[in-house]
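Enquirer: Take this structure first; my questions come after.
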Amino acid sequence: MEERDGRAGGFRKDTVDRLLRLHFRDGRTRVNGDAQLLMAEMLNVFVREAAARAARQAQTEDLEKVDIEHLEKVLPQLLLDF
Amino acid sequence: MAAAAAAGDEERLLLTQRLKAAVHYTVGCLCQEVEEDKDIRFSKQSIAAISEITFRQCETFARDLEMFARHAKRSTINTEDVKLLARRSSSLLKYITQKSDELASSNLEQKEKRKKKSSAAKGERTPGEKEAAVTENEDSNMS
Chain S
1 MEERDGRAGG
11 FRKDTVDRLL
21 RLHFRDGRTR
31 VNGDAQLLMA
41 EMLNVFVREA
51 AARAARQAQT
61 EDLEKVDIEH
71 LEKVLPQLLL
81 DF
Chain Z
1 MAAAAAAGDE
11 ERLLLTQRLK
21 AAVHYTVGCL
31 CQEVEEDKDI
41 RFSKQSIAAI
51 SEITFRQCET
61 FARDLEMFAR
71 HAKRSTINTE
81 DVKLLARRSS
91 SLLKYITQKS
101 DELASSNLEQ
111 KEKRKKKSSA
121 AKGERTPGEK
131 EAAVTENEDS
141 NMS
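If you read the sequences in order, they're chains S and Z. Under the UniProt record's numbering, the first residue of the first sequence carries the number 1, and numbering increases by one thereafter. Under the UniProt record's numbering, the first residue of the second sequence carries the number 1, and numbering increases by one thereafter.
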């Protein structure tokens, strides 16, 4: 996977922290700083994979626009890989 | 009691909505990058769907991470827990491990910088310590 340091896109550290804390069952659970950064990266990869795989599916069907049906086709394998 | 619970629920709902909006925005940005990379367009519905799926996946991630940390008898989730999360795909695990190593080495660099600054400051106070600091620097130049 290429370096994307120059790009603006990507999840923010604090957003990731709040996203995770929304679902913790124990009120004492915290996420340390490095883990927040790593999880942001994990989510970036998740989204890019979903988008790229759906795009590849659309291109296989000779289409220029990615629609929900293309996402549906790639979703099972995506979830298995994560 | 019921009123307080209801207020708490409403607060949670608002937080959920705000977070969903934040996710949707970031997903839009990332999809735009993929559009440029692959010379393709995403329908609004497909972006919204990716956004929805990502938000839901966070719940699974959060629960798993919490379990991993608890299993290690910790209440703070660390990078080892995140790496466990990436175990299902070898290329994903490799990528996350790489990122984790990069983080660790940049943290180490920061520590080294702070150490050098504080030892330089000490050197100016005591002549004996200053000599020691100079010797140290010479050694590092040689290595």
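From the three backbone atoms N, C-alpha and C, an ideal C-beta is built for every residue, glycine too. As the structure is a prediction and not an experimental result, all values here were calculated from the model.
Just verifying my parser: in three-state terms, what is the DSSP assignment at K65 of chain S?
Expert: As a first step, residue 65 of chain S is located in the first sequence; it is residue number 65 there, counting from the start. Strand, per DSSP.
Enquirer: Let me check understanding here. Comparing Cα to Cα, which of Z:V23, Z:D9 and Z:L14 lies closest to G9 of chain S?
Expert: The count along the first sequence starts at 1 and reaches residue 9 of chain S at position 9. The option with the nearest alpha carbon to G9 of chain S is Z:V23.
Enquirer: Can you tell me whether D5 of chain S is buried or exposed? The criterion is at least 16 other CB atoms within 10 Å of its CB, across all chains shown.
Expert: Along the first sequence, one-based indexing puts residue 5 of chain S at 5. Only weak support exists for where D5 of chain S lies, its pLDDT of 48 falling under 50; the value from the coordinates is given anyway. D5 of chain S should be labelled exposed.
Enquirer: Give me the Cα-Cα distance between A48 of chain Z and F55 of chain Z, rounded to the nearest whole angstrom.
Expert: Locating residue 48 of chain Z in the second sequence gives position 48, counting from the first residue. Locating residue 55 of chain Z in the second sequence gives position 55, counting from the first residue. Using only the alpha carbons, I get a separation of about 11 Å.
Enquirer: Looking at the C-beta of R87 of chain Z, does it have a partner C-beta in chain S at a distance below 8 Å?
Expert: Locating residue 87 of chain Z in the second sequence gives position 87, counting from the first residue. No, R87 of chain Z lies away from the interface with chain S (no Cβ there is under 8 Å from its Cβ).
Enquirer: Taking D67 of chain S as the query, report the chain Z residues whose CB atoms sit under 9 Å from its CB, ordered along the chain.
Expert: Counting from 1 along the first sequence, the entry for residue 67 of chain S is found at position 67. Near D67 of chain S (Cβ distances below 9 Å), the residues of chain Z are F42, S43, Q45 and S46.
Enquirer: Between residue 102 of chain S and chain Z, is the shortest Cβ-Cβ distance under 8 Å, so that the two count as touching?
Expert: What the structure shows of chain S is the stretch from 1 to 82, and residue 102 of chain S is not part of that stretch, so it cannot be assessed.
Enquirer: Going straight from the alpha carbon of E115 of chain Z to that of A121 of chain Z, what length do you get?
Expert: Along the second sequence, read from residue 1 onward, the residue named residue 115 of chain Z stands at position 115. Along the second sequence, read from residue 1 onward, the residue named residue 121 of chain Z stands at position 121. In the sequence as displayed, the identity of residue 115 of chain Z is Lys instead of Glu. Between K115 of chain Z and A121 of chain Z, the C-alpha separation is close to 10 Å.
Enquirer: In chain order, what residues of the same chain lie with their CB nearer than 7 Å to the CB of E136 of chain Z, ignoring the 5 residues before and after it?
Expert: In the second sequence, counting from the first residue as 1, residue 136 of chain Z sits at position 136. The pLDDT assigned to E136 of chain Z is 46, lower than 50, so where the model puts this residue is not dependable; a value taken from the coordinates is nonetheless given after this. Around E136 of chain Z: no qualifying Cβ.
Enquirer: DSSP on T29 of chain S, reduced to helix/strand/coil?
Expert: Along the first sequence, one-based indexing puts residue 29 of chain S at 29. In the structure shown, T29 of chain S sits in coil (DSSP, three-state: anything other than H, G, I, E or B).
Enquirer: Give me whichever residues DSSP pairs with F61 of chain Z in a beta bridge.
Expert: Reading the second sequence from its first residue, position 61 is the one you call residue 61 of chain Z. For F61 of chain Z, which the question treats as bridged, DSSP gives no partner whatsoever.
Enquirer: Under 9 Å Cβ-Cβ, which residues of chain Z neighbour E61 of chain S?
Expert: As a working note, residue 61 of chain S is residue 61 in the first sequence. Going along chain Z, no residue has its Cβ under 9 Å from E61 of chain S, so there is no contact; the nearest lies around 12 Å.
Enquirer: Quick one: what's got a C-beta closer than 6 Å to T79 of chain Z's C-beta in the same chain, skipping five residues either side?
Expert: If you number the second sequence from 1, residue 79 of chain Z lands on position 79. Hits under 6 Å: S100.
Enquirer: Per the contact definition of three or more C-beta pairs closer than 8 Å, is the stretch 59–67 of chain Z in contact with the stretch 33–41 of chain Z?
Expert: Touching, no.
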